[in-house]
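A.B. asks: Sequence positions in the sequence shown follow our numbering and run 65 to 463.
All C-beta atoms, glycine included, are put in the ideal place defined by N, C-alpha and C.
Attaching a single structure in structure tokens format; questions to follow.
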Amino acid sequence: MKITDLRCAVIGRHPIVRIVTDEGIYGLGEVEYTKPYLKPWVLHFREALIGEDPTDVERCMLKIRQRGSFKPYGAAVSAIEHALWDIAGKAANVPVYKLLGGKVRDKVRVYNGSIRQKRTGDRPEDYAADVKWMMERPEKFFMVKQGISFHSNMKDSIDDFHYGVRQNKAGYHGAMDQGQISERGFNHMLDCVAAMKEVLGDKVSLALDCGPGWFLNDAIRFAQATEKYNLMWLEDMLTGDYVPWVNPQAYRELTVSTSTPIHTGEQIYLRHNFKELIETQAVRVVGPDPADIGGIAELKWVAEHAYMHSIMMAPHGTANGLLGLGALINVCATLPANYIAFEYPSASDPWWEDIVIGLPKQIVKESHVDLLEAPGLGLDIDPEGAKKYLAEEDAGFFD
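In structure tokens, the structure reads:
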């Protein structure tokens with residue numbers, strides 16, 4: 065089998081990768097909806113892959129892996145890797161999880177990071193009402209995650225929240241505010257946490273997406289102040305999102321200062337950049353995204369390495385779309401016992417549920433997703449249904 069074409073079309077807001085072969089088998093991969101500008105970067109790899117056998121996934125990846133980078137530029141490589149595994153599974157007529165060593169669980173646990181309504185504000189009562197709405201949803205999520213501090217509007221809506229430069233309406237996803245947090249801002253965050261835990265109790269767990277943007281002194285004080293609430297984790301306090309470095313020394317100092325689990329990793333590209341985080345016990349939870357780290361094989365390697373160091377695994381995935389959901393389900397079915405849950409990516413636009421083939425009507429039940437038994441990553445796009453969302457230049461995408 066040989067690759068005859070690598071195509072990319074922005075459908076809705078997602079760049080969708082389609083690898084075509086001389087045997088009529090094709091593979092699909094999806095980039096987060098926050099990165100529509102990556103289409104040319106995906107196509108940059110076309111000439112390198114034409115003529116290769118897509119079922120030799122690692123051999124193909126050796127040609128392109130070094131061309132990726134931290135979020136967002138690892139996404140192009142990652143989506144191509146997903147499409148290669150999709151072809152490999154279809155060629156072998158098995159789900160991709162079989163090619164990754166087989167499943168260790170029949171259902172995969174997920175948590176809510178993507179199913180949201182517009183919060184009524186940034187006051188404690190607004191946060192409480194929001195988690196109550198999440199808690200009562202039919203998915204029965206065992207855990208919800210909320211953005212606070214620099215990962216929320218409170219940095220702008222709360223007067224004098226911090227003493228740094230404020231980037232109001234910065235104009236792009238991932239712009240980072242940073243500064244010493246004021247006492248008023250600090251206490252406001254604690255009031256919001258208390259209000260959410262009053263609603264959730266111990267029935268539904270709470271994690272906080274915090275930054276990045278904190279300085280170490282504030283991060284230590286906040287992690288210690290929230291110990292009594294038994295939070296699942298504090299995420300991306302020091303680095304995260306689009307920060308192209310890791311800072312494991314600072315993370316380790318934060319981690320050893322508190323019993324509150326510290327989490328990071330969504331922006332990190334390749335296993336190599338998790339090495340020091342894991343081997344120095346710098347965090348308690350790692351959260352790579354299969355659509356950013358370089359693909360599902362990279363994520364599995366990190367999970368196994370973290371397991372050997374008693375570090376938990378909770379993959380990121382909120383904006384990965386429904387095809388990205390297929391990649392998450394397949395790899396997380398194979399992960400070791402340090403796996404907690406992955407961040408469930410819902411449809412970025414309602415019509416995606418009409419054009420993606422292979423998902424049940426109710427995807428999440430009791431905070432779990434069933435494995436996909438179709439070959440490859442288990443999902444497909446209905447070409448006829450999707451054509452209305454194609455730009456004129458991509459009219460031949462499904463040919």
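Give the secondary structure of residue 276 by DSSP, where H, G and I count as helix, E and B as strand, and everything else as coil.
C.D. replies: Mapped onto the sequence shown, residue 276 falls at position 212. Coil at residue 276, not helix or strand.
A.B. asks: Ignore the nearest five residues each way along the sequence and tell me which others in residue 231's own chain have a CB closer than 6 angstroms to its CB.
C.D. replies: In the sequence shown, the residue the question calls residue 231 occupies position 167. Same-chain partners within the cutoff: 239, 241.
A.B. asks: Mind checking whether residue 68 and residue 114 have CB atoms under 8 angstroms apart?
C.D. replies: Numbered from 1 along the sequence shown, position 4 holds the residue referred to as residue 68. Numbered from 1 along the sequence shown, position 50 holds the residue referred to as residue 114. Yes, the pair counts as a contact, with Cβ atoms nearer than the cut-off.
A.B. asks: Is the Cβ-Cβ distance between residue 347 and residue 326 less than 8 angstroms?
C.D. replies: On the sequence shown, residue 347 is found 283 positions in, with the first residue counted as 1. On the sequence shown, residue 326 is found 262 positions in, with the first residue counted as 1. For residue 347 and residue 326, yes; Cβs fall inside 8 angstroms.
A.B. asks: Considering residue 408, what are the terminal residues of the beta strand (DSSP E) in which it resides?
C.D. replies: As a first step, residue 408 must be located in the sequence shown, where it is residue number 344. Per DSSP, residue 408 belongs to the beta strand (DSSP E) from 406-408.
A.B. asks: Run the CB neighbour count on residue 143, radius 10 Å, all protein chains shown included, and call it buried at 16 or more, exposed below.
C.D. replies: Position 79 of the sequence shown, counted from the first residue, corresponds to residue 143. Result: buried.
A.B. asks: Straight-line CA distance for residue 367 to residue 75?
C.D. replies: On the sequence shown, position 303 is the one that residue 367 refers to. On the sequence shown, position 11 is the one that residue 75 refers to. Their Cα atoms are separated by approximately 31 angstroms.
A.B. asks: Are there three or more Cβ pairs, one per stretch, closer than 8 angstroms when the stretch 369-388 is compared with the stretch 75-95?
C.D. replies: Contact between the stretch 369-388 and the stretch 75-95 is present, because at least three Cβ pairs lie under 8 angstroms.
A.B. asks: Please state if the CB of residue 291 and the CB of residue 246 are separated by a distance shorter than 8 angstroms.
C.D. replies: As a first step, residue 246 must be located in the sequence shown, where it is residue number 182. As a first step, residue 291 must be located in the sequence shown, where it is residue number 227. Not in contact: residue 246 and residue 291 (Cβ atoms no closer than 8 angstroms).
A.B. asks: Please work out which residues of its chain come closer than 6 angstroms, Cβ to Cβ, to residue 406, disregarding the five sequence neighbours upstream and downstream, and give them in chain order.
C.D. replies: Walking along the sequence shown from the start, residue 406 turns up at place 342. Result list for residue 406: 174, 379, 381, 392, 396, in chain order.
A.B. asks: To the nearest whole angstrom, what separates the beta carbons of residue 293 and residue 261, a pair I think is in contact under 8 angstroms?
C.D. replies: Working through the sequence shown from its first residue, we reach residue 293 at position 229. Working through the sequence shown from its first residue, we reach residue 261 at position 197. Indeed, because the Cβ distance is near 5 angstroms, the residues count as touching under 8 angstroms.
A.B. asks: Can you grab the Cα-Cα spacing for the pair residue 82 / residue 462, in whole Å?
C.D. replies: As a position in the sequence shown, residue 82 is number 18, starting the count at 1. As a position in the sequence shown, residue 462 is number 398, starting the count at 1. If I take the Cα positions, the gap works out to 8 angstroms.
A.B. asks: Alpha carbon to alpha carbon, how far is residue 373 from residue 264?
C.D. replies: In the sequence shown, the residue the question calls residue 373 occupies position 309. In the sequence shown, the residue the question calls residue 264 occupies position 200. In a straight line, the C-alpha of residue 373 is about 31 angstroms away from that of residue 264.
A.B. asks: Determine which residues share a DSSP beta bridge with residue 89 and list them.
C.D. replies: The residue given as residue 89 occupies position 25 in the sequence shown. According to DSSP, which records beta bridges pairwise, residue 89 is partnered with nothing at all.
A.B. asks: Am I right that residue 371 and residue 178 are in contact with their C-beta atoms under 8 angstroms? What's the rounded C-beta distance?
C.D. replies: Residue numbering aside, residue 371 sits at position 307 when the sequence shown is read from its first letter. Residue numbering aside, residue 178 sits at position 114 when the sequence shown is read from its first letter. Rounded, the Cβ-Cβ distance is 26 angstroms, inconsistent with contact.
A.B. asks: Are residue 150 and residue 435 touching if we call contact CB-CB under 8 angstroms?
C.D. replies: Counted from its first residue, the sequence shown places residue 150 at position 86. Counted from its first residue, the sequence shown places residue 435 at position 371. Contact flag unset, no.
A.B. asks: Which residue from 84, 306, 349 puts its Cα closest to that of residue 315?
C.D. replies: As a position in the sequence shown, residue 315 is number 251, starting the count at 1. Here the closest residue by C-alpha is 349.
A.B. asks: Do you know offhand how far residue 383's Cα is from residue 277's?
C.D. replies: Counting from one through the sequence shown, the residue named residue 383 turns up at place 319. Counting from one through the sequence shown, the residue named residue 277 turns up at place 213. Computed Cα separation, rounded: 21 angstroms.
A.B. asks: Taking DSSP's pairing of strands, which residues face residue 176 in a bridge?
C.D. replies: Within the sequence shown, numbered from 1, the residue matching residue 176 stands at position 112. 208, 408, per the DSSP bridge assignment.
A.B. asks: Tell me the residue span of the alpha helix (DSSP H) that contains residue 67.
C.D. replies: On the sequence shown, position 3 is the one that residue 67 refers to. Looking at the DSSP string, residue 67 is not in any alpha helix (DSSP H); the run it does join, the beta strand (DSSP E), is 67-75.
A.B. asks: If you draw a straight line from the C-alpha of residue 183 to the C-alpha of residue 118, how long is it?
C.D. replies: Numbered from its first residue, the sequence shown carries residue 183 at position 119. Numbered from its first residue, the sequence shown carries residue 118 at position 54. Each residue's alpha carbon lies about 45 angstroms from the other.
A.B. asks: Fully enclosed by the stretch 76-158, which alpha helix (DSSP H) runs are 4 residues long or longer?
C.D. replies: Qualifying alpha helix (DSSP H) stretches, in chain order: 103-107, 110-113, 121-128, 138-156.
A.B. asks: Count the other CB atoms, across all protein chains shown, that sit within 10 Å of the CB of residue 421; report buried if there are 16 or more and exposed otherwise.
C.D. replies: Stepping through the sequence shown from its first residue, residue 421 is reached at position 357. Exposed.
A.B. asks: Residues bridged to residue 403 by DSSP?
C.D. replies: Position 339 of the sequence shown, counting from 1, holds the residue named residue 403. Bridge partners of residue 403: 377.
A.B. asks: Need the endpoints of the beta strand (DSSP E) that residue 327 sits in, please.
C.D. replies: Stepping through the sequence shown from its first residue, residue 327 is reached at position 263. Unbroken beta strand (DSSP E) run through residue 327: 326-328.
A.B. asks: Which residues in the same chain have their Cβ closer than 7 angstroms to the Cβ of residue 279, if we skip the five residues on either side of it in sequence?
C.D. replies: Start at 1 with the first residue of the sequence shown, and residue 279 comes out as number 215. Closer than 7 angstroms at Cβ, skipping near neighbours: 244.
A.B. asks: Would you list the one or two residues that DSSP bridges to residue 434?
C.D. replies: Translated into the one-based positions of the sequence shown, residue 434 becomes position 370. For residue 434, which the question treats as bridged, DSSP gives the partners 171.
A.B. asks: Could you say which of 93, 398, 302 lies nearest to residue 214 if we only look at CA atoms?
C.D. replies: Looking up residue 214 in the sequence shown gives position 150. Nearest option by C-alpha distance: 302.
A.B. asks: Mind checking which residues open and close the alpha helix (DSSP H) that includes residue 220?
C.D. replies: The residue you call residue 220 lines up with position 156 of the sequence shown. Taken as a continuous stretch (DSSP letters only), the alpha helix (DSSP H) holding residue 220 covers 218-221.
A.B. asks: Check residue 203 in the structure and name its three-state DSSP category.
C.D. replies: Residue numbering aside, residue 203 sits at position 139 when the sequence shown is read from its first letter. In this structure, residue 203 counts as coil in the three-state DSSP scheme.
A.B. asks: Whole angstroms is fine: what's the gap from residue 298's alpha carbon to residue 224's?
C.D. replies: Working through the sequence shown from its first residue, we reach residue 298 at position 234. Working through the sequence shown from its first residue, we reach residue 224 at position 160. Each residue's Cα considered, the two are about 23 angstroms apart.
A.B. asks: Between the stretch 121-136 and the stretch 426-434, do at least 3 Cβ pairs fall closer than 8 angstroms?
C.D. replies: The answer is no - the stretch 426-434 does not touch the stretch 121-136, with fewer than three Cβ pairs under 8 angstroms.
A.B. asks: Quick check on the burial criterion: 16 or more other C-beta atoms within 10 angstroms. Buried or exposed for residue 176?
C.D. replies: On the sequence shown, position 112 is the one that residue 176 refers to. Classification of residue 176: buried, given that the 10 Å Cβ count is 16 or more.
A.B. asks: Apart from the five residues just before and just after residue 121, which ones in its own chain have a Cβ nearer than 8 angstroms to its Cβ?
C.D. replies: Position 57 of the sequence shown, counting from 1, holds the residue named residue 121. Only 145, 148, 149, 152, 361 meet the Cβ criterion.
A.B. asks: What did DSSP end up calling residue 429 once you bin it into helix, strand or coil?
C.D. replies: As a position in the sequence shown, residue 429 is number 365, starting the count at 1. In the structure shown, residue 429 sits in a strand (DSSP, three-state: E or B).
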